[in-house]
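Residue numbers (my numbering): 25 to 237. A short worksheet on the structure shown next.
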Ligand SMILES: C[S@@+](CC[C@H](N)C(=O)[O-])C[C@H]1O[C@@H](n2cnc3c(N)ncnc32)[C@H](O)[C@@H]1O
């Protein structure tokens with residue numbers, strides 16, 4: 025479950041870095057400030073780190089560059105192939121947010137960029153429960169992802185994308201499982217996390233959820 029997008033990512037892998045560097049006009053605003061956002065996230069993470077949806081290892085490389093131990097999880101074989109080439113120092117395993125190898129390393133941070141929206145609401149809840157079990161006390165979940173403030177905000181962004189002729193983006197915004205601010209807040213709070221949100225660009229938000237003692 026939760027990996028229905030993997031074929032698409034196998035196809036996208038070879039041109040993915042081109043997209044995030046702003047060369048695809050449809051997704052330029054989605055990935056605006058991409059490198060800075062990943063740099064910020066990397067700096068907030070505490071080792072040992074578990075990263076979900078590694079993609080082509082752009083965030084992984086930044087954390088490895090800061091001498092952190094990173095265990096990466098990525099369901100797309102093509103993404104894993106490129107990630108291993110770009111970041112041979114990281115251990116990158118086949119898996120997804122819900123199914124991954126059970127390693128004994130104590131985890132201080134669970135991080136992910138632009139991937140949590142691949143889970144439905146019930147899958148997100150299940151994943152957060154598992155993160156809670158996995159994290160050491162005072163550990164943190166730190167994500168960057170597109171989310172909507174509310175339904176009106178979602179509709180405004182879709183309308184905006186359509187008006188700009190960005191029809192693939194408009195379709196993504198409708199079909200993928202981007203969360204709503206209040207809904208995500210409740211998911212983390214119910215599991216005992218102290219959660220905060222910060223908008224990073226028109227679409228992306230930083231989500232920081234701290235586990236208690
Ligand atoms: C938009 S890319 C983001 C890649 C990278 N984190 C970045 O910031 O550039 C989304 C990644 O999530 C992965 N993915 C898709 N479904 C997933 C799932 N259920 N669990 C974990 N990763 C998933 C995709 O294969 C892809 O590599």
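From the three backbone atoms N, C-alpha and C, an ideal C-beta is built for every residue, glycine too.
Nearest-angstrom Cβ-Cβ length linking residue i and residue j, presumed shorter than 8 Å
i           : j          : result
residue 41  : residue 80 : 6 Å
residue 86  : residue 62 : 6 Å
residue 132 : residue 96 : In fact, because the Cβ distance is near 15 Å, the residues do not count as touching under 8 Å.
Proximity test, residue i beta-carbon vs ligand 1 heavy atom, cut-off 8 Å
i          : result
residue 49 : no
residue 82 : yes
residue 78 : yes
Among the options, nearest to residue i - alpha-carbon criterion
i           : options            : result
residue 57  : 176, 182, 137      : 137
residue 233 : 129, 211, 122      : 211
residue 93  : 135, 178, 109, 102 : 135
residue 90  : 187, 164, 66       : 66
residue 172 : 182, 164, 74, 49   : 182
residue 71  : 53, 129, 54        : 129
residue 236 : 228, 165, 202, 221 : 165
residue 28  : 139, 194, 178, 160 : 139
residue 200 : 225, 142, 180      : 142
residue 43  : 55, 176, 227, 217  : 55
Where the alpha helix (DSSP H) through residue i begins and ends
i           : result
residue 31  : 30-42
residue 67  : 58-68
residue 86  : 82-89
residue 195 : 191-199
Test: residue i CB closer than 9 Å to a CB of chain B
i           : result
residue 126 : Structure shown: chain B not included; a single protein chain is present.
Beta bridge counterpart(s) of residue i as assigned by DSSP
i           : result
residue 223 : 229
Limits of the beta strand (DSSP E) - the one that residue i falls within
i           : result
residue 115 : 115-117
residue 160 : 159-172
residue 131 : 131-137
Ligand 3 heavy atom lying under 8 Å from the CB of residue i
i           : result
residue 120 : With respect to ligand 3, the structure shown offers nothing to examine, as its ligands consist of ligand 1.
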